[in-house]
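**Student:**
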């Protein structure tokens with residue numbers, strides 16, 4: 019059974035700071051997806067990465083997929099209060115999503 | 024495009040009672056998923072439908088949970104009888120299929136007291 023471990027579990031920083039959160043898998047990802055979930059809502063897809071070493075940017079968010087396709091990082095530049103939420107990584111293989119436990123991010127004004 | 028609709032948004036029941044959740048996926052999405060998200064954890068797949076057939080229900084506690092997707096559109100998830108540990112958010116998601124993005128509903132927050 020694949021295990022996805024995300025770190026840190028909780029992160030609280032001030033507006034304007036930079037941050038990085040991590041996702042590590044016990045086995046090679048089929049495809050890696052990052053989601054953001056706000057309180058009272060379902061997860062919303064941010065990005066899908068498939069190729070080892072791939073880097074994708076979404077405004078102030080940079081997603082990096084490890085060369086061995088077993089780890090990923092999400093870097094946020096100049097964090098804003100609107101970035102607050104639960105960040106989940108997931109493996110999209112076998113026609114179903116397997117999620118990590120998430121990183122709960124709080125950006126303080 | 025309308026999103027995935029779920030109801031109710033909140034439900035509080037006593038243990039040993041029964042409860043049902045409803046999901047209406049995005050029109051045309053053949054694949055429908057029910058996930059359970061316990062506080063502080065990531066979502067865990069309970070059951071996956073492809074049209075009206077079950078693809079994966081390996082993590083569904085079948086002694087108390089049941090789900091159906093009649094006519095390959097709407098779906099209901101039922102718990103009978105509920106236990107305290109069933110307190111969680113139940114998320115429904117739909118997708119065109121493999122390699123397509125998932126769209127999640129807002130979920131139903133169940134509290135069992």
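Protein chains in written order, with our numbering: chain A, 19 to 127; chain B, 24 to 136.
Where a beta carbon is used, it is the ideal one built from N, C-alpha and C, also for glycine.
Does DSSP classify residue 76 of chain B as helix, strand or coil?
**Tutor:** In the structure shown, residue 76 of chain B sits in a strand (DSSP, three-state: E or B).
**Student:** According to DSSP, is residue 33 of chain A part of a helix, a strand, or is it coil?
**Tutor:** If DSSP states are grouped into helix, strand and coil, residue 33 of chain A belongs with coil.
**Student:** Please say whether residue 74 of chain A and residue 80 of chain A have beta carbons closer to each other than 9 Å?
**Tutor:** It is a contact, given that the beta carbons lie within the stated cut-off.
**Student:** Assign residue 70 of chain B to one of two classes, buried (16 or more other C-beta atoms within 10 Å of its C-beta) or exposed (fewer than that).
**Tutor:** So residue 70 of chain B counts as buried.
**Student:** Can you tell me whether DSSP reads residue 67 of chain B as helix, strand or coil?
**Tutor:** Correct three-state label for residue 67 of chain B: strand.
**Student:** May I ask you to list, following chain order, the residues of the stretch 59 to 79 of chain B that have a beta carbon less than 9 Å from some beta carbon of chain A?
**Tutor:** Those would be 60, 63, 64, 65, 66, 67, 68, 71, 73, 78, 79, in chain order.
**Student:** Quick check on residue 134 of chain B - is its C-beta less than 9 Å from some C-beta in chain A?
**Tutor:** Taking Cβ atoms only, chain A never reaches closer than 9 Å to residue 134 of chain B, which makes this a no.
**Student:** Report the residues of the stretch 89 to 100 of chain B with a CB closer than 9 Å to any CB of chain A, ordered along the chain.
**Tutor:** Flagged: no residues at all.
**Student:** In whole angstroms, give me the CA-to-CA distance for residue 108 of chain B and residue 36 of chain B.
**Tutor:** Roughly 12 Å separates the two Cα atoms.
**Student:** When you compare each of B:93, B:64, B:100, B:31 to residue 80 of chain B by their alpha carbons, which one comes out closest?
**Tutor:** Closest option to residue 80 of chain B, Cα to Cα, is B:100.
**Student:** Please list, in chain order, all residues of the same chain as residue 66 of chain B whose beta carbon is under 6 Å from its beta carbon, the five residues on each side excluded.
**Tutor:** Only 58, 60, 114 meet the Cβ criterion.
**Student:** Using only the alpha-carbon positions, how far apart do residue 130 of chain B and residue 28 of chain A sit?
**Tutor:** Each residue's alpha carbon lies about 23 Å from the other.
**Student:** Name, going along the chain, the residues of the stretch 91 to 104 of chain A whose beta-carbon falls closer than 7 Å to a beta-carbon of chain B.
**Tutor:** Flagged: no residues at all.
**Student:** Leaving out five residues before and five after residue 47 of chain B in sequence, what residues of the same chain have Cβ atoms less than 6 Å from its Cβ?
**Tutor:** Here the set comprises 28, 97.
**Student:** Among the residues of its own chain, which have a CB less than 6 Å from the CB of residue 42 of chain A, if the five just before and after it don't count?
**Tutor:** These residues qualify, in order along the chain: 23, 89.
**Student:** Residue 114 of chain B touches chain A at which residues, Cβ-Cβ below 9 Å?
**Tutor:** Here the neighbours are 60, 61.
**Student:** Exposed or buried, what is residue 97 of chain A when buried is set at 16 or more other beta-carbons lying within 10 Å of its beta-carbon?
**Tutor:** Buried.
**Student:** For residue 60 of chain A, which of A:106, A:114, A:124, A:110 has the nearest alpha-carbon?
**Tutor:** Comparing Cα positions, the closest option is A:106.
**Student:** When the cut-off is 9 Å and only beta carbons count, does residue 51 of chain B lie next to chain A?
**Tutor:** No, residue 51 of chain B lies away from the interface with chain A (no Cβ there is under 9 Å from its Cβ).
**Student:** With burial defined as no fewer than 16 other Cβ atoms inside 10 Å of the residue's Cβ, what is the status of residue 134 of chain B: buried or exposed?
**Tutor:** So residue 134 of chain B counts as exposed.
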